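Peer 1:
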Amino acid sequence: MPFIPHTQEDIDAMLEVIGAADLESLFDEIPVGLKGHPLSSLPEAMSEQAVTRLMQERSARDVCGPCFIGAGAYRHHIPAAVWELTTRGEFYSAYTPYQAEASQGTLQLLYEFQSMMTGLTAMDVSNASLYDGASALAEAILMAIRANRRASSRRVLVAGTLHPVYRQVAESIVGAQGIVLETLEAPLRDGALDAEAMAALDGAAAVVVQQPNFYGRLEDVDMLTDQAHGAGALVIAVVNPVAMALLRPPGNWGRDGADIVCGEGQPLGVPLSSGGPYFGFLCARQAFVRQMPGRIVGRTVDLEGTPGYTLTLQAREQHIRRSKATSNICTNQGLMVTAATIYMALLGGEGLRRVALACHHNTVSLTEQLCTLSGVRPLHQGPCFHERVLELPRPASQIIERLAAVGVLAGYDLGRHDPDMANCLLVCATELITGDDIARYRQALEAVLREEAA
Amino acid sequence: MPFIPHTQEDIDAMLEVIGAADLESLFDEIPVGLKGHPLSSLPEAMSEQAVTRLMQERSARDVCGPCFIGAGAYRHHIPAAVWELTTRGEFYSAYTPYQAEASQGTLQLLYEFQSMMTGLTAMDVSNASLYDGASALAEAILMAIRANRRASSRRVLVAGTLHPVYRQVAESIVGAQGIVLETLEAPLRDGALDAEAMAALDGAAAVVVQQPNFYGRLEDVDMLTDQAHGAGALVIAVVNPVAMALLRPPGNWGRDGADIVCGEGQPLGVPLSSGGPYFGFLCARQAFVRQMPGRIVGRTVDLEGTPGYTLTLQAREQHIRRSKATSNICTNQGLMVTAATIYMALLGGEGLRRVALACHHNTVSLTEQLCTLSGVRPLHQGPCFHERVLELPRPASQIIERLAAVGVLAGYDLGRHDPDMANCLLVCATELITGDDIARYRQALEAVLREEAA
Amino acid sequence: MRNDPLIFEQGRPGRRAAAQAPGDFPVGAGIPDRFLRAGPARLPEVSELQVVRHYTRLSQKNFSIDTQFYPLGSCTMKYNPRGCNRLAMLPGFLDRHPWAPDSVSQGVMSCLHDLQEMLAEVTGMAGVSLTPMAGAQGEFAGVAMIRAYHLARGDEARNEILVPDAAHGTNPATAVMCGYKVREIPTDRDGDVDLEALKQALGPQTAGIMLTNPSTLGVFERRITEMAELVHKAGGLLYYDGANLNAILGKARPGDMGFDVIHMNLHKTFSTPHGGGGPGSGAIGVSKRLLPHMPVPVVAREGEAYRWLTERDLPQTIGRLSAFMGNTGVVLRAYVYARMLGREGMGRVADFATLNANYLMCRLRAEGFQVWFPQRRASHEFIISLKQEAKELGATAMDFAKRLLDYGYHAPTAYFPLLVPECLLIEPTETETREELDGFVEAMVCIRDEARRDPDYLKQAPYTLPVRRLDEVRAAKELDLKWLPGTPALKEQE
Amino acid sequence: MRNDPLIFEQGRPGRRAAAQAPGDFPVGAGIPDRFLRAGPARLPEVSELQVVRHYTRLSQKNFSIDTQFYPLGSCTMKYNPRGCNRLAMLPGFLDRHPWAPDSVSQGVMSCLHDLQEMLAEVTGMAGVSLTPMAGAQGEFAGVAMIRAYHLARGDEARNEILVPDAAHGTNPATAVMCGYKVREIPTDRDGDVDLEALKQALGPQTAGIMLTNPSTLGVFERRITEMAELVHKAGGLLYYDGANLNAILGKARPGDMGFDVIHMNLHKTFSTPHGGGGPGSGAIGVSKRLLPHMPVPVVAREGEAYRWLTERDLPQTIGRLSAFMGNTGVVLRAYVYARMLGREGMGRVADFATLNANYLMCRLRAEGFQVWFPQRRASHEFIISLKQEAKELGATAMDFAKRLLDYGYHAPTAYFPLLVPECLLIEPTETETREELDGFVEAMVCIRDEARRDPDYLKQAPYTLPVRRLDEVRAAKELDLKWLPGTPALKEQE
Ligand SMILES: Cc1ncc(COP(=O)(O)O)c(C=O)c1O
Ligand SMILES: Cc1ncc(COP(=O)(O)O)c(C=O)c1O
């Protein structure tokens, strides 16, 4: 009986204390008709040894070699210390730190995390995580609607250069509450928003801007922020946290800074792992702290005056406020935050800046190299961070399959979202990509293009 | 500066406290001529990221697929919990528990280990590890010489069925002290010693017997033990600890049991890892405890009467007794013992018995399957544990190479030690080997034999 | 207990864990100055050893399953097998990019597909989607599907979700996020939903009801079939909050009870770790009629190959709830666990979770504690009320909870469900030994004795933890939510 | 502090961690009854959760580098990079059988070969063998080679090894294991070997001398070149005990000083973990004349391929010291570490180990502690003597050591080297911050103040650890070396 410590003697003695004849009689309040389905399609139990073999075989089937895909998830170097510490039982198998005195480890760590995230984004306050970047955007939108008392509308303008899946997720989540997302479209010049795009602002409660944007391009965030504020809209910034070590942080955008900042925390020490678990982060101005969703840790003192940490402002949360809570979130992504906190502590501001620069540098090399092939050219010219759109002579989807077959993960097919972009490939090179990797990519791509041309 | 926390400010301030002008002047007592070799052949520093890539590439080169090699090291299932716990910083990065009060974790664990090893071997006392099985045998021989006050000779008889490398190691280590190892040779019937072999016993201080022996065969340990004792020799048993969960333990051999027991602890939760780190274990009769080499943990009380654990009988050791110590050993294989203790706790007596039985069962299947191939037959007929010698129609060394090329690690070439056995292959199947693995081996062997026949 | 200064306070300008960062590249012409940040981000400046030491030490300040008995009702704090962790972290799984083509992702997809099938079977549902990232998001998905179902049928008047008063806070919060009004249904004396009240609440405005069974009161809703009929007759659907699935796993199936949709907390029933707050996975299962509305993506098997179903395949989907496909790494842990349990093991979970709960309940009752529903069988959890102790000794549930920490036991869930005064909701789980349960009873008895001797003593508990009882009021009033350079260092402790 | 019963005491007959064992096969005809054991082996009978919880809790009772400053002289307790651990445990390395053919083992062999070369360069030796499994086995290999060298030359009269009185205990113990007599050489007032005494001791019976430089007194042997000449002239060889290599890594090379053979403690200088007692690796380096005698196996490079050199290639080898090729996993960790340091990093180790030691020495001296060789530069470690404190306050080195534990510092090495009364040998290593050193000084000062106020207080230290001071005399007198069924359980503690 895996994981069950009971001996027959235990069972007998315990049933006697209970006064029950057998285990089955413990379920005597369940109507007979509801019990006893045979579960015949379930497989037999496996020992750890057997399941280890199974999982090793399955995991070995999946190709992970040089990865030039980004589009919301990024393969970075993760220092060994990060997960050796994160998987320590005391972090790994603890519950939410509701009993503060028995959870000072996690709580202090979360307080440090909040301090790091506000440092990185130049914002006043941070929560202790949401599910992921996309759902964090949905929460940010709901929060903006609550927070912007000046605006009466439930209209939110979303940059057309936002990750399209983020847009979809936000719609799935905020749609039921009558919130309308509209696209900041207008002249999409060179893959980034311009001033004309902002004409549609009037009466919007908030504007969502991504930096760097879905195409890897840097947006003119100062202009966008000031225009949005001028029109009475709050600015929700969706940012890549690694980029923030290099780029101007949202708290410093324009005259007054962004109002709410959210994004995907995965690049901060969290493995790709097929898309999750990652974590969403959310920062805001101090004034909005009571509108924030998710847990927040505060520093306080114990009855001897010793400093300690505890969850605070819990009156925002579902377990206290129930139907009036700022969100229904309960379980969040705590362990990922543990990893991210350790990651940021190891990298520091300077280390993270170097990571960001190395990514940028490698992406420039990559695009330069690939664009020496005939028919391959960058779609946009303006500044990028660590992603760029390449136009190919064939559908990106085909190229991706062909390269995957030789072990190169070529990029993200923009045709998924826009048939006009079927030949467009979004590529990314993080600090892990070497010159050899780029050469291998170029060679494989060249072979595929030549073959197809023939 | 990897791993160096000093900032320039720190350096300046510290040099000032010291009253030194610069770092270099801290080495002013070293004669100038001895300093400043350029180390020009050393490579440049690598970041953890870069060295990760290097090591991943190198480790990926080595074939580890189905492994039928034993001969002293065995691939077993290691529960995930074993190393997730063993690599916890508090075990991993602690020193030898000389400061007992600050080392109760390691010390209690070692006391538990000693309790487990004595349970497994049915002996009175155990130490807390030696380097590996082979060097443990050398220490056991030295110990027997010290312990056997009745015998005046420095002659030790060693079974011809002992692992030949153990014999070599023992010779390297005990040779300088004038101890002579002689072989218990005589009628080596069916791969195991018989009574006639024991004729040479006279005047020997000790006899070394391995169970199961090098060829996987079970020795008639009762007879051997009684005969040795009859001749005034001590019995040193070299045993496989997993086999001990199934086989009669040395403490119960013959009328009085073996006197000293040693062996390789690797099968108890320690990965193959190219041969080390493993650990040697050593158990003995209570009467010989003061002759034991290596650390021993005892239970005692603190000044409030609370039980606690500490290293004890340290007067046997080099740091106290110096040139009169029982051994020069200092650093041992503590972390491996940590793993083994957790492994044994997880398996228990019954679990370990099942592991032993599964190994035996799989080895029987393996030899049956392979012996359906023409020209392949078992060399011995008597009872085996989880290894057996197969006779092949060609040199084993060739077959091993050919099978390795297709990813099957076929076994151990007995021609290494005995040219007469060039066609003999020692095979092993642990509980990890599946029916598919055996079929794959058989198929690959069949193909090689057919090809060579053609 | 030692004080651990914040990691920021351990830094010095210019200190770095130099093995961890790449070389320094110039910014180059690619990024004009105006896009760059003026100074470095305010992050700690520490060495690698300082980081390792700091977080190792911090971790030791936590209670956890791996170190303590954790009888936290509604949370199913059972053993998280280490094998699940290791296998979910195999390199092939860990390094796979979520957008890697299906053709090179069949390994992980086969695991997800297998688990979908296993969960459908064990809950009695027609289909499963693994994407919701926690229970609450599973609830969101479930209620959103209920909404999508009604709307797809043109049934637009249904604007109310019923929720028993004992329900977990996420239930009403979720209903509101899905645009519904919440109506509470009271509990009757025996701990069942008040059926009369339910009947009165049902109507054409009823979109559905959210239940957990056994309920958060620790008892099985005996008239569930009748309730299901009533709700269905009124045109509503039934939502099963699977947080308590551990109680009936392998014994009874929500699908057979008449539920239309269920979320499972894989981080409870399927033993993935809580990680100090998350991540979890709130996989959902649906009956046939909700199949078209499942959140995407879902893995489908076609012949020997697996492929992702998306909006294209499920045009009526409620959509996506995460950028990728949810918490795959958590799901993989649950998959390994499910395979280790196998067919037989599922029912054993419920058997022994229930045995432990009933044993502990009976032992506490025998020691004179007030079991809240003494006439009922406990499910996998049960409630005791310390009303009496609070009144007579001034020792509240909170005081017992805090003092238990000193005895080396994590406190049970306190003051939930809200309708039981001074309650402790106790869930021992199936992986604890009888000796551990006996130790807990002994601690409860000792604490009551302490309260009898000196009621004030408990008020100040805990005594042996890294901090004494914390001032939560001050935390909320004088908000201190982040470290700032120049903030006075923590008071020195010895 | 909580008491943790022995794992045996937590068992119940028949309890098992059932996920971990294979199915039950019959014994079958293969093994006759008389070979089988009568009953099951006496091992714990516990659940998987019990094991995880027990050993997690036990681990928390240890001091370690990952949790505390550990200034243990002669032991080089520096940060053990986690990257080294992870990379040495990559599956390809972990699962490789030691007898796997060279043709499929080139990955690991290339690492070993690289490290052999790097170590030879950094020590100035002609060849390196990685097989010795700890420092003491490296010493054995070294002295055995010295012996083999003399014997190979027919020089059979040399039966004595010289060892300074400050030497580590393994030195004389090793010499004896190699069949030598040991002659001690005294230390002069300044901490150097007494050169006159050395001259007198040298003769045709001298096989060699075992030295460490800097010595275990924490000072550099300044006349090393002269000593080497003297020994060589007498026909002896020089052995370098590399336990202190951290002090000169990348700054000076034993080979250049005239040493013929050296062992390195990779678990010190190359930062592999001590693991609560081991494993280590005592790789040896040799000058040209000892090359033929190196212990086997050794990796050789031939063209692009690596192969093992064995007795066949080195017929004059001293032989094998382990069944396979030593502690490969430890060696791999050292290799990763060496690659991360690189050329520049080697010297930095010595620079900062020396800076920290001298800083700490100067600060303690300024606080009034007696530095034993005040006129000398500290190497990577130094000695203070608490003679004065012992005499005046009754507070011994042992008392200071035990009380330091309460302050969260591991005690320095106490009462070694034997020739300094009431000594503490302090080695801070290069990976500790200045703040940590300052904290240590502060603790020493506080403890001395405590001793002044109440000398008895220290005698009872430690106060805050899992146990108070242990009765070591009783441990040795009333031997209790294993648990037996029926032994009374440990006294209950709260
Ligand atoms: C009864 C009940 N429902 C729902 C939830 C919400 O699940 P999650 O925390 O995974 O969002 C919980 C979790 O605490 C619960 O106990
Ligand atoms: C000076 C000195 N020499 C030799 C040794 C022995 O090394 P090991 O413990 O690795 O056998 C030590 C270790 O403590 C030492 O400090």
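Residue numbers (my numbering), protein chains in the order written: chain F, 13 to 466; chain X, 13 to 466; chain B, -10 to 483; chain A, -10 to 483. We put the CB at the ideal spot given by N, CA and C, even for glycine. Remember, it's a predicted structure, so these values are computed and weren't measured experimentally.
CA-CA distance, D13(B) and A370(F)?
Peer 2: Here residue 13(B) corresponds to residue number 24 of the third sequence, with the count starting at 1. Here residue 370(F) corresponds to residue number 358 of the first sequence, with the count starting at 1. Cα-Cα distance, rounded: 7 Å.
Peer 1: Per DSSP, which residues does S115(F) bridge with? Please list them.
Peer 2: Position 103 of the first sequence, counted from the start, is the residue given in the question as residue 115(F). S115(F) pairs with N51(B).
Peer 1: Within 9 Å of any Cβ in chain F, is that where the Cβ of E483(A) sits?
Peer 2: One-based indexing of the fourth sequence puts residue 483(A) at position 494. Note on E483(A): pLDDT 30, under 50, position unreliable in the model; the coordinate value appears next. E483(A) does not count as touching chain F.
Peer 1: Counting only Cβ-Cβ distances shorter than 8 Å, please list the residues of the stretch 107 to 136 of chain B near chain F, keeping chain order.
Peer 2: Listed by position, the residues of the stretch 107 to 136 of chain B near chain F (Cβ gap below 8 Å) are M107, E110, V111, G113, M122, A123, G124, A125, Q126, E128, F129, A133 and R136.
Peer 1: Going by DSSP, what residue range makes up the beta strand (DSSP E) through P153(B)?
Peer 2: By 1-based counting over the third sequence, the position of residue 153(B) is 164. Element bounds for P153(B): E149 to P153.
Peer 1: Let's see if you can read the secondary structure: which residues bound the beta strand (DSSP E) around H241(F)?
Peer 2: Residue mapping note: residue 241(F) aligns to position 229 of the first sequence, counting from 1. Not the beta strand (DSSP E): H241(F) falls in the alpha helix (DSSP H), residues V233 to G242.
Peer 1: At the level of alpha carbons, what is the spacing between Q278(F) and F397(X)?
Peer 2: By one-based count along the first sequence, residue 278(F) stands at place 266. By one-based count along the second sequence, residue 397(X) stands at place 385. Roughly 50 Å between the two C-alpha positions.
Peer 1: I need the straight-line Cα distance from P29(A) to A255(X), nearest angstrom please.
Peer 2: Within the fourth sequence, residue 29(A) is the residue found at index 40, counting from 1. Within the second sequence, residue 255(X) is the residue found at index 243, counting from 1. Rounded to the nearest angstrom, the two C-alpha atoms are 12 Å apart.
Peer 1: Start and end of the alpha helix (DSSP H) containing P243(B)?
Peer 2: What you label residue 243(B) is simply residue 254 of the third sequence in a count that begins at 1. First-last of the alpha helix (DSSP H) with P243(B): P243 to M246.
Peer 1: Check whether the stretch 103 to 113 of chain X touches the stretch 264 to 278 of chain X, taking contact to mean three or more Cβ pairs, one atom from each stretch, closer than 8 Å.
Peer 2: The stretch 103 to 113 of chain X vs the stretch 264 to 278 of chain X: no contact.
Peer 1: In the DSSP assignment, the alpha helix (DSSP H) including H398(F) goes from what residue to what residue?
Peer 2: Taking the first residue of the first sequence as position 1, residue 398(F) is located at position 386. No alpha helix (DSSP H) contains H398(F), which DSSP labels as neither H nor E.
Peer 1: Short of 7 Å in beta carbon distance, which residues of its chain neighbour A478(A), apart from the five on each side in sequence? Order them along the chain.
Peer 2: Looking up residue 478(A) in the fourth sequence gives position 489. Model confidence at A478(A) stands at a pLDDT of 45, short of 50, so the residue's coordinates are unreliable; what they give is reported in the following sentence. P(-6) and E(-2).
Peer 1: For a contact meaning CB atoms closer than 9 Å, what does F15(X) contact in chain B?
Peer 2: For this step, residue 15(X) is matched to residue 3 along the second sequence. The answer, in chain order, is A6, A7, A8, S36, E37 and L38.
Peer 1: Taking Cβ-Cβ distances below 8 Å as the criterion, which residues of the stretch 214 to 248 of chain A are in contact with chain C?
Peer 2: Within the model displayed, chain C is absent; protein chains F, X, B and A are what it includes.
Peer 1: Since Y355(F) contacts P78(F) with CB under 8 Å, what's their CB separation in whole angstroms?
Peer 2: Along the first sequence, read from residue 1 onward, the residue named residue 355(F) stands at position 343. Along the first sequence, read from residue 1 onward, the residue named residue 78(F) stands at position 66. Contact flag wrong, Cβ pair sits at about 22 Å.
Peer 1: Residues in the same chain with beta-carbon distance under 6 Å from G281(X), minus the five sequence neighbours each way, listed in chain order, please.
Peer 2: Numbered from its first residue, the second sequence carries residue 281(X) at position 269. For G281(X), where only same-chain residues beyond five positions count, the Cβ hits under 6 Å are I90, V94, A351, A352 and Y355.
Peer 1: Does L213(X) come out as helix, strand or coil in the three-state DSSP assignment?
Peer 2: Position 201 of the second sequence, counted from the start, is the residue given in the question as residue 213(X). If DSSP states are grouped into helix, strand and coil, L213(X) belongs with the helices.
Peer 1: Mind checking T384(F): buried by the 16 CB within 10 Å criterion, or exposed?
Peer 2: To locate residue 384(F), count along the first sequence from 1; it is residue 372. The residue is exposed, with fewer than 16 neighbouring Cβ atoms inside 10 Å.
Peer 1: Compute the beta-carbon to beta-carbon distance between P203(A) and A236(A), rounded to the nearest angstrom, for a pair I have assumed lies under 8 Å.
Peer 2: Within the fourth sequence, numbered from 1, the residue matching residue 203(A) stands at position 214. Within the fourth sequence, numbered from 1, the residue matching residue 236(A) stands at position 247. Indeed, because the Cβ distance is near 5 Å, the residues count as touching under 8 Å.
Peer 1: My assumption, with CB atoms under 8 Å, is that G3(A) sits in contact with T19(F). Please give the rounded CB distance.
Peer 2: Within the fourth sequence, residue 3(A) is the residue found at index 14, counting from 1. Within the first sequence, residue 19(F) is the residue found at index 7, counting from 1. Contact flag correct, Cβ pair sits at about 4 Å.
Peer 1: Given 8 Å as the limit, tell me if A42(X) has its C-beta closer than that to any heavy atom belonging to ligand 2.
Peer 2: By one-based count along the second sequence, residue 42(X) stands at place 30. At residue 42(X) the sequence reads Ile, which differs from the Ala that was named. Not under cutoff, so the answer is no.
Peer 1: Under 7 Å Cβ-Cβ, which residues of chain A neighbour M329(B)?
Peer 2: Within the third sequence, the letter at position 340 stands for residue 329(B). Residues of chain A passing the Cβ test: A8.
Peer 1: With distances taken between CB atoms, is the gap from E291(B) to P70(A) smaller than 9 Å?
Peer 2: In the third sequence, residue 291(B) corresponds to position 302, counting from 1. In the fourth sequence, residue 70(A) corresponds to position 81, counting from 1. Taking 9 Å as the Cβ cut-off, E291(B) and P70(A) do not qualify as a contacting pair.
Peer 1: Can you give me the Cβ contacts of Y104(F) inside the same chain, cut-off strictly under 8 Å, excluding the 5 residues immediately before and after it?
Peer 2: For the purposes of this step, residue 104(F) is taken as the residue at position 92 of the first sequence. Within the same chain, Y104(F) has close Cβ partners T98 and L347.
Peer 1: Counting only Cβ pairs nearer than 8 Å, list the residues of chain A close to D40(X).
Peer 2: By one-based count along the second sequence, residue 40(X) stands at place 28. The contacting residues are R366.
Peer 1: Check whether the stretch 69 to 83 of chain B and the stretch 320 to 337 of chain B are in contact - that is, three or more C-beta pairs closer than 8 Å.
Peer 2: They touch, by the three-pair rule.
Peer 1: In chain F, which residues lie with their C-beta within 8 Å of the C-beta of T45(A)?
Peer 2: The sequence position of residue 45(A) within the fourth sequence is 56, counting from 1. Neighbours of T45(A) on chain F, chain order: G101 and E102.
Peer 1: What is the DSSP secondary structure of E311(X), reduced to helix, strand or coil?
Peer 2: Looking up residue 311(X) in the second sequence gives position 299. Rather than Glu, the amino acid found at residue 311(X) in this sequence is Arg. It is a strand residue.
Peer 1: Does S48(B) pass the burial test, meaning 16 or more other C-beta atoms within 10 Å, or should it be called exposed?
Peer 2: Taking the first residue of the third sequence as 1, we reach residue 48(B) at position 59. Buried: at least 16 other Cβ atoms inside 10 Å.
Peer 1: Taking 9 Å as the threshold (beta carbon to beta carbon), is N225(F) in contact with chain B?
Peer 2: Start at 1 with the first residue of the first sequence, and residue 225(F) comes out as number 213. Chain B, which has no Cβ nearer than 9 Å to the Cβ of N225(F), makes this no.
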